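Below: one structure, written as structure tokens.
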Amino acid sequence: MVDLQGLGSRIRQLRRAAGMSQADLAGDDLSSSYISLLEAGKRNPSGAVLEQLAERLSCDPANLLSFVERAQTGDLEVEMHYAEMTLRTGDAAGALRAYQELQGKAAAAGEQEIAEAAELGVAKALEHSGRLEEAVVRYEALRTAARQANSRSSQLAVVVALCRCYRELGDLSYAIDLAETTLTQVQDLNLAPTVVGMELVATLVGLHYERGDLHRAAYLASVGIEQAKEVSDPRALGAVYWNASVAAHSNGRSGDALMLIRRALAIYSEGDNHRALARLRNAYAAVLLQTDAPDVDTAKGLLQQSADVLASQGSSVDIAYCETAMARAHLLSGHPETAVGHARRALDLLGSKHRLETARTLLVLAAAYLEQGEEEAARSAYERAALTLEASEAGRQAAFAWAELAEVLERSGQEERAVWAYRQGMRCMGRRGTLVGNVAKSVPGLPRP
């Protein structure tokens, strides 16, 4: 589609400025009526015709061709918005196809910015589809390009996405190193906080929480809240309140955690980031389920609200997290059969690429089977969980899961293996042995524990 009205007006303008009649401009190979229709915006000329007219009007061909290019750019931008909306509505596969088609069209039209934006869209669609390794390759290439172009904002957005992927893949240490290094670079520039900068801080709080470094998480959360007040975007402030609540809860300050997460919930509710709000409800539910007096009913309500939104706007991983949390809630409320259903759905969504979360879900499934007296099914689930945990290599991130495995093993009467699982959890937290164990190894004849 070409901007025919704009093109016709420009040709008329240039013709009159040159003192030419329509017949003069038509020459021997065009007709006066064609020029009249062209100036009225009722003809769509080829590029060759426009170059010929530009020569007769003694103007740069770009003055006329720009109307064609501008319209093409507009069409590409419309396709970009369509792809974005497709991704937001939860159709990751459809969005991936749309972004890939757009990439080819943008490259052919020489629209580098649109091509780069489409590449970011491809990475996001891959991430939403659970194809994390492929998404990481795309994000890393985009990060390199942003760094070379000295685009701080673009680099930050990609780093936040990379940290999400590395966290899900279990490479927590690299995710933290990447986020910390990027944050230091931003702080060294002494620039005002940006929305994506606050999202980086919020992401880093969550990463430190996963690794068990609660003091660093709490410090960054408090700093992030103060800095986010300078940002008008509510999403940034909501993100830091959210992660601050997680850190407070882990430090045993359940009252503070509930206060902070309620603030975050209120902030997100005022905006239109429905997926972020759904993920926040998941986090809120997790806090409610882990307090000394679990509020299971409220947690279920929050999780159901999340599920309704994530069904159309969330990734498969988002939905899986919600299903696992729902399984925990039903297990706590004495409905193990319902918990089994939710846990199985979560496992189907997680596939084979999210080992740590898969292990966590398998443990919930095993506990639910034990509640129903199905010992063989429980054994199958917790044995798979043990193998998956050993393969996850998730470090501190896996410590709590090892502790839950120990509880399940102990409940199943396997005390020795339960002790082994507890020790695995301690190793994840950085403990490498005991004084008694080391003395036993070094003193001949002393029995080992």
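Heads up: the sequence shown runs through residues 7 to 455, numbered per the numbering used here.
Note that CB positions come from ideal geometry on N, CA and C, so glycine has one too.
Predicted model only: the values in this text are computed from it and were never measured.
Less than 7 angstroms between the C-beta atoms of residue i and residue j, yes or no?
i: isoleucine 41; j: glutamine 58; result: no
i: glycine 96; j: glutamine 319; result: yes
i: alanine 404; j: leucine 362; result: yes
i: leucine 368; j: alanine 387; result: yes
i: alanine 472; j: leucine 395; result: The chain is shown only over 7 to 455; residue 472 falls outside these bounds and no answer can be derived.
i: arginine 281; j: glutamine 311; result: no
i: alanine 131; j: leucine 102; result: yes
i: valine 164; j: leucine 148; result: yes
i: leucine 309; j: alanine 291; result: yes
i: alanine 245; j: leucine 213; result: no
i: alanine 224; j: alanine 253; result: yes
Rank the options by C-alpha distance to the C-alpha of residue i and give the top, closest one.
i: arginine 173; options: Ala89, Tyr215, Gly203; result: Tyr215
i: alanine 263; options: Ile273, Ala272, Asn249; result: Asn249
i: glutamate 186; options: Glu421, Leu371, Leu206, Ala392; result: Leu206
i: valine 370; options: His341, Val164, Asp303, Ala299; result: His341
i: alanine 155; options: Glu119, Arg285, His134, Gly203; result: Glu119
i: leucine 189; options: Ala407, Leu210, Ser179; result: Leu210
i: serine 322; options: Ala352, His336, Leu393; result: Ala352
i: leucine 415; options: Ala123, Arg433, Ala372, Phe406; result: Ala372
i: threonine 304; options: Asn69, Ala289, Arg62, Ala349; result: Ala289
i: serine 179; options: Leu162, Arg217, Gly100, Val165; result: Arg217
i: glutamate 3; options: Ala151, Ala292, Ala32; result: No statement about residue 3 is possible, as the shown extent of the chain runs from 7 to 455 and does not include it.
i: serine 339; options: Leu294, Ile182, Leu356; result: Leu294
i: alanine 6; options: Ala384, Lys48, Ala208; result: Since the displayed the chain opens at 7 and closes at 455, residue 6 lies outside it and no answer follows.
When every heavy atom of the ligand SAH is checked, does at least one fall within less than 6 angstroms of the C-beta of residue i?
i: serine 64; result: The ligand content of the structure shown is nil, which means the ligand SAH is not present either.
Between residue i and residue j, what straight-line distance do the alpha-carbon atoms span, to the nearest angstrom?
i: histidine 360; j: valine 55; result: 58 angstroms
i: tyrosine 88; j: aspartate 34; result: 45 angstroms
i: alanine 23; j: arginine 94; result: 50 angstroms
i: serine 228; j: serine 251; result: 10 angstroms
i: arginine 170; j: glycine 419; result: 38 angstroms
i: histidine 221; j: histidine 255; result: 12 angstroms
i: arginine 417; j: isoleucine 325; result: 29 angstroms
i: leucine 168; j: valine 425; result: 36 angstroms
i: methionine 91; j: glutamate 85; result: 10 angstroms
i: alanine 198; j: isoleucine 273; result: The pLDDT assigned to alanine 198 is 47, lower than 50, so where the model puts this residue is not dependable; a value taken from the coordinates is nonetheless given after this. Distance between the alpha carbons of alanine 198 and isoleucine 273 is about 21 angstroms.
i: arginine 302; j: glutamine 191; result: Reading off the sequence, residue 302 comes out as valine, not arginine. If I take the Cα positions, the gap works out to 43 angstroms.
i: proline 67; j: arginine 21; result: 14 angstroms
i: leucine 13; j: alanine 99; result: 38 angstroms
i: glutamine 109; j: arginine 144; result: 13 angstroms
i: arginine 429; j: proline 300; result: 28 angstroms
i: glutamate 45; j: cysteine 65; result: 17 angstroms
i: arginine 433; j: glycine 230; result: 31 angstroms
i: leucine 63; j: leucine 82; result: 30 angstroms
i: tyrosine 105; j: alanine 114; result: 14 angstroms
i: leucine 452; j: leucine 316; result: Confidence in leucine 452 is poor, its pLDDT being 34 and thus under 50, which makes the residue's placement unreliable; the coordinate value appears in the next sentence. When rounded, the distance between both Cα atoms is 58 angstroms.
i: glycine 25; j: threonine 150; result: 54 angstroms
How would you write the range of the alpha helix (DSSP H) that residue i sits in, first residue to last?
i: lysine 359; result: Here lysine 359 belongs to no alpha helix (DSSP H), and DSSP marks it neither H nor E.
i: arginine 137; result: Run containing arginine 137: none; DSSP gives neither H nor E here.
i: cysteine 328; result: 322 to 338
i: leucine 309; result: 302 to 319
i: methionine 432; result: 421 to 434
i: glutamine 28; result: 28 to 32
i: leucine 411; result: 405 to 417
i: serine 39; result: 38 to 45
i: threonine 95; result: Per DSSP, threonine 95 belongs to no alpha helix (DSSP H) and is neither H nor E.
i: arginine 385; result: 381 to 398
Contact defined as beta carbons within less than 8 angstroms: I believe residue i pairs with residue j. What is the distance between those atoms, to the nearest angstrom?
i: alanine 129; j: alanine 112; result: Not really, about 15 angstroms apart at Cβ, beyond 8 angstroms.
i: leucine 337; j: glutamate 377; result: 7 angstroms
i: alanine 392; j: alanine 333; result: Between alanine 333 and alanine 392 the Cβ distance is about 19 angstroms, and since that is not below 8 angstroms, they are no contact.
i: asparagine 50; j: arginine 16; result: Actually they do not touch by this definition, with Cβ atoms about 15 angstroms apart.
i: leucine 162; j: leucine 138; result: Going by Cβ atoms, the distance from leucine 162 to leucine 138 rounds to 20 angstroms, so no, they are not a contact pair.
i: arginine 366; j: threonine 330; result: 6 angstroms
i: leucine 266; j: tyrosine 247; result: 5 angstroms
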